[in-house]
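Just below is one structure, and these are the notes that go with it.
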Amino acid sequence: MTDRDRDIDTEDLPPSRSQRRREAWDVLELAERIVALTPSQMREVPLPETVLDAVHMAQKITSHIAHKRQVHFLAKLMRKQIDDLEPIRLAVDKPLEVRRRETAQLHLIERWRERLIEGGDEVLGELLESYPQADRQRLRQLVRQAGIEIRENRAPAAQRAIFQALKALIRGDGAGDVEDAADAADGDAESSAQQLRRPER
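The numbering used here applies: residue 2 is where the sequence shown begins, and numbers increase by one.
Structural data, given as structure tokens:
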């Protein structure tokens, strides 16, 4: 028998019991993830109507045992009715990747904010190297206001404004939002000052 004949024979062999078990677990995991999706996320997943009905049924069930049984039924239905699960898997993975990317961005923004408040102009220079479109003057103003807020135990208006400005900068929404954020911080600070100056009745 030639190597080519052996390859053909191997390909024609039915999947082993362990392989079938792994595939069944993979589909069950996918079914669980589908059931956990929000309605807006579900609209992105290409599911047949019968499978979609089974998903909606699983989402409505509150009993743990009955819910688990319905998810197993859903996985079995998916194995029977869907030949190629890859498009479904990709659609389910997409929201997860988006959430991971957004979470990583939020952590990055938070780190920059903490470093700016602690390091001042030196860290601001580093930020401008990475994001040259940033408004140095307005960010410096926000950082100074944030320092005053921390020292005097004021409401963190400037700190919130720095976060929003950095979010716009890092996500590419435009440097103009830095000025908007600074103006908002000025307004919050003025409002707080007016409240402090308001005479007691």
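Backbone N, C-alpha and C fix where the C-beta goes; we use that ideal spot for every residue, glycine too.
| Check | Outcome |
| --- | --- |
| Look at the alpha carbon of residue 150 and the alpha carbon of residue 38, and state the distance between them as a whole number of angstroms. | 41 Å |
| Residues in its own chain within less than 8 Å of residue 122 by CB, not counting five upstream and five downstream? | 141 |
| If you scan the region 107 to 188 from start to end, which runs of the alpha helix (DSSP H) of 4 or more residues do you find wholly inside it? | 122 to 131, 137 to 152 and 158 to 171 |
| On a Cα-Cα basis, can you pick out the residue from 77, 58, 86 and 42 that is closest to residue 99? | 42 |
| Is the region 21 to 36 touching the region 51 to 67 in the sense that three or more CB pairs, one from each, lie closer than 8 Å? | yes |
| Determine the direct distance from the alpha carbon of residue 91 to that of residue 169, and round the result to whole angstroms. | 29 Å |
| How close, in whole Å, do the beta carbons of residue 82 and residue 51 come, if the pair is a contact with beta carbons under 8 Å? | 6 Å |
| In whole angstroms, what separates the C-alpha of residue 22 from that of residue 88? | 21 Å |
| Buried or exposed for residue 162, going by 16 or more other Cβ atoms inside 10 Å? | buried |
| With a threshold of 16 other CB atoms inside 10 Å of the CB of residue 139, please say whether the residue is buried or exposed. | buried |
| State the start and end residues of the unbroken alpha helix (DSSP H) segment that holds residue 56. | 50 to 61 |
| Pop quiz: residue 146 and residue 159 are said to be a contact at Cβ under 8 Å. What is the actual Cβ separation, rounded to whole angstroms? | 4 Å |
| Since residue 29 is in the alpha helix (DSSP H), which residue starts that stretch and which ends it? | 18 to 36 |
| Beta-carbon within less than 8 Å of residue 111's beta-carbon, same chain only, minus the 5 sequence neighbours each way: which residues are those? | 164 |
| Rounded to the nearest angstrom, what separates residue 127 and residue 96 at their Cα positions? | 32 Å |
| For residue 45 and residue 86, I'd like the C-alpha separation in whole angstroms. | 14 Å |
| What residue does the alpha helix (DSSP H) around residue 80 start on, and which one ends it? | 65 to 82 |
| For residue 144 and residue 125, which I take to be in contact (beta-carbon distance under 8 Å), what is that distance rounded to the nearest angstrom? | 7 Å |
| Closest to residue 1 by CA distance: which of 18, 131, 31 and 152 is it? | Any property of residue 1 remains undetermined from this structure, which presents the chain solely from 2 to 202. |
| Which of the three DSSP states is assigned to residue 40 in this structure? | helix |
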